[in-house]
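First up is the structure itself, then whatever we jot down about it.
Protein chains: 2
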Amino acid sequence: MIPSYKFVLAAARQLDGVAHRTPVMHGRTLDKLCGAYVLLKCENFQRTGSFKFRGAYYALASLPETDRARGVLTYSSGNHAQALALAGQLLGVAVTVVMPTTAPAVKQAAAASYGAEIIHYDPAQTSREALGHQIAQARGLTLIPPYDHPHVVAGQGTVAKEFLEEVGSLDVLLVPCGGGGLLAGSALSVRALAPQCRLIGVEPERADDATRSFQTGRLHQVHNPDTIADGARTPSLGQITFPIIRRYVDDMVTVSEEAILQSMYFLWERLKLVVEPTGALALAALWEGKVAVANQRVGVIISGGNVELRQALSWFAQGPPCSQR
Amino acid sequence: MIPSYKFVLAAARQLDGVAHRTPVMHGRTLDKLCGAYVLLKCENFQRTGSFKFRGAYYALASLPETDRARGVLTYSSGNHAQALALAGQLLGVAVTVVMPTTAPAVKQAAAASYGAEIIHYDPAQTSREALGHQIAQARGLTLIPPYDHPHVVAGQGTVAKEFLEEVGSLDVLLVPCGGGGLLAGSALSVRALAPQCRLIGVEPERADDATRSFQTGRLHQVHNPDTIADGARTPSLGQITFPIIRRYVDDMVTVSEEAILQSMYFLWERLKLVVEPTGALALAALWEGKVAVANQRVGVIISGGNVELRQALSWFAQGPPCSQR
């Protein structure tokens, strides 16, 4: 089932008073660096530290009562897990999370702190999808996947909806892309609210499956790609997200690991925003000049801020990361 | 000259469209930790990364044209210097900054990037006040001190004014205190807009001159105190700030270095805010339970976010700083 913008409106009503209306930030130094008017929608300030709370909560809230009573399961690199864990806590639904042993400890601890049961797996040995389906079936749990789910996509669509409502208009909107939930949701809102706005998805060069899928029209995959942007290590777009992205997104671009790190450093140092690598993806496209934006109004979605501070230190300590600063 | 709330109103008009109206943040986890409803006014997002821009800009904008043409000088641990440098750039006034060699490199670089001339001094050898006055006199520059100046105090008062206007009411307002510019300015706004609100200044235990001055009624000093909160290393309250604080502030409390670091870590990790140690002072008072706030509406001013990332992360690396988390 491919959701429409009506689903986004329904999600917005459900999330009203539950999710934060996150602030839009603007910095003149960033404008100068980019040669454009750049607005950042800061979902790092969303509950549980990323936009994922929106889709997870809306999906759980939309579940029939009998399914809620049995509980839900998900697999996730972390942000969706935390988000679903909190949504479950708020809605009284038991949540089980299948999480890679390599997920940042801060993400694992957060999911557990919201009362979720954590089941670990080794990403080099098994796929999270296979293990997730297996456990869900054995225990009678409803699977709430991290992106390939109509309510999840619709919930994520509320980010771009809020963004456009707050800033009025945008010439370009840049959105990070892993499995495509945020990008597909953004597409629904942008096409409904700002049909002239160019919508561009951004992913790491090292995990460019969505870009290849977008360009060729068939679903490409990556396996456990070596990118700092852990939220974009997803194997491929989904059955729901791919057609939406293929139809409504104007372009996909990829960015280097260096640009991700530099953008992230800039966001921390100059804009005082703690942003995780995946959260800096969209800005990295501006940083590397991958999108023509001269003198335009550019929206950038900062998707999340869940990163271990000590890990970030070790990245920043490897030398002056900001050659352009 | 002791400024009144009318000065704050005049400053607010002057700053309209120039300074950011910084966001007020709220986090449920913080509420639970503190047992209160806690609202953070985030001046780390102010231009130049701290509230200091408000007072510096208003002071420069209020200067007679002949004085502006000759230029201005200040001494500062950094944030006021950056703020004055940017204000000078915006208003076309030459700015000279006397800065300790020990000031964080990020602060020195920022002041220089706005076109200020930097003159270094060794804080162990000379006082910044003495050197500042000497150079100002020799060069015919107008001294714009970092806090003991009526327009500076009035400009800083716009923080609490905005805060109260946005959130409606507060039972308590916690404000970091170095030389007292922000605290005195807050006092003017709080007494005018929310006379029932308890106003409490917070400083490091290791730099408790303002607390002693407040309690005894005479001006106490500290010399180059060893606190992580570099913005609170000021030698004493000023001739203008002290009487305002003594008259209008309800109480002063001090916090440990550990609480400052823990609060700072919490702000980074959980609230995704890059905050400098001085910026975490007011929250540290809640963290250590120094103020009774059960079930109250508590305002906390986060004063700034200018800190070298590698320095901050090295503090965080010295062990798990958050025993209460």
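Chains as they are written, first to last, in this note's numbering: chain A, 2 to 326; chain B, 2 to 326.
Yeah, the Cβ is synthetic: ideal placement off N, Cα and C, and Gly gets one too.
What you are looking at is a predicted structure, and each value in this text was computed from that prediction instead of being measured.
| Asked | Found |
| --- | --- |
| Proximal chain A residues relative to Lys-273 (chain B), where beta-carbon distance stays under 7 Å | Asn-45, Phe-46, Gly-50, Leu-274, Val-275, Gly-306 |
| Extent of the continuous alpha helix (DSSP H) run through Arg-248 (chain B) | 242 to 249 |
| CA-to-CA distance, Ala-110 (chain B) to Gln-240 (chain A), given in whole angstroms | 50 Å |
| Candidates B:Ile-120, B:Glu-259, B:Gln-222, B:Ala-313, of which the one nearest Ala-82 (chain B) by Cα | B:Ile-120 |
| DSSP state of Arg-29 (chain A) mapped onto helix, strand, coil | helix |
| Segment limits, alpha helix (DSSP H) that includes Pro-151 (chain A) | 151 to 168 |
| DSSP-derived helix/strand/coil call for Asp-123 (chain B) | coil |
| Partner residues on chain B for Leu-310 (chain A), Cβ-Cβ distance less than 7 Å | Trp-269, Glu-270, Leu-314, Phe-317 |
| Own chain, CB closer than 6 Å to Leu-40 (chain A), minus 5 neighbours either side, in chain order | Val-25, His-27, Val-168, Gly-300 |
| Beta-carbon neighbours of Pro-24 (chain B), restricted to chain A and to distances below 7 Å | Pro-24 |
| Close Cβ partners of Val-153 (chain A) (< 6 Å) along its chain, the five nearest in sequence each way excluded | Gly-56, Ala-60, Gly-182 |
| Reference Glu-270 (chain A), options B:Ala-117, B:Tyr-58, B:Arg-248, B:Gln-312, closest by Cα | B:Gln-312 |
| heavy atom of the ligand ZN below 7 Å from Thr-228 (chain A) C-beta | You won't find the ligand ZN in this model; it holds no ligand whatsoever. |
| Ser-190 (chain A) versus Val-160 (chain A): straight-line alpha-carbon distance, rounded | 9 Å |
| Three CB pairs or more closer than 8 Å across the segment 203 to 212 of chain A and the segment 250 to 259 of chain A | yes |
| Rounded straight-line distance, which links the Cα of Ala-211 (chain A) to that of Asp-231 (chain A) | 15 Å |
| Contact with chain C by Gly-290 (chain A), beta-carbon distance below 8 Å | Absent from the structure is chain C; the protein chains it does hold are A and B. |
| Reduced DSSP category for Thr-75 (chain A) - H, G, I as helix; E, B as strand; rest coil | strand |
| Delimiting residues of the alpha helix (DSSP H) encompassing Arg-199 (chain A) | Taken as a continuous stretch (DSSP letters only), Arg-199 (chain A) belongs to no alpha helix (DSSP H), being part of the beta strand (DSSP E) at 199 to 205. |
| CB contact flag (Leu-132 (chain A), Leu-74 (chain A), <8 Å) | no |
| Burial state of Asp-149 (chain B) (16 or more Cβ within 10 Å) | buried |
| Of the listed residues B:Asp-17, B:Ser-5, B:Gly-36, nearest to Gly-290 (chain B) (C-alpha basis) | B:Gly-36 |
| Member of A:Lys-273, A:Leu-194, A:Arg-247, A:Leu-238 whose CA lies at the smallest distance from the CA of Lys-7 (chain A) | A:Leu-194 |
| 8 Å Cβ cutoff met for Ala-84 (chain B) and Phe-54 (chain B) | yes |
| Given Leu-174 (chain A) as reference, the closest of A:Pro-196, A:Ala-113, A:Gly-156 once Cα atoms are compared | A:Pro-196 |
| Sequence-distant residues of the same chain with beta carbon closer than 7 Å to Leu-220 (chain B), five excluded per side | Ser-214, Ser-237, Leu-238, Phe-243 |
| CB of Ile-246 (chain B) within 8 Å of CB of Lys-42 (chain B), strictly | no |
| Residue from A:Trp-316, A:Leu-144, A:Pro-124 with nearest C-alpha to Arg-69 (chain A) | A:Leu-144 |
| Beta-carbon proximity check, Gly-79 (chain A) vs Met-100 (chain A), cutoff 8 Å | yes |
| Val-9 (chain B), DSSP secondary structure in three states | helix |
| Given Asp-252 (chain B) as reference, the closest of B:Gly-72, B:Asn-45, B:Pro-124, B:Thr-217 once Cα atoms are compared | B:Thr-217 |
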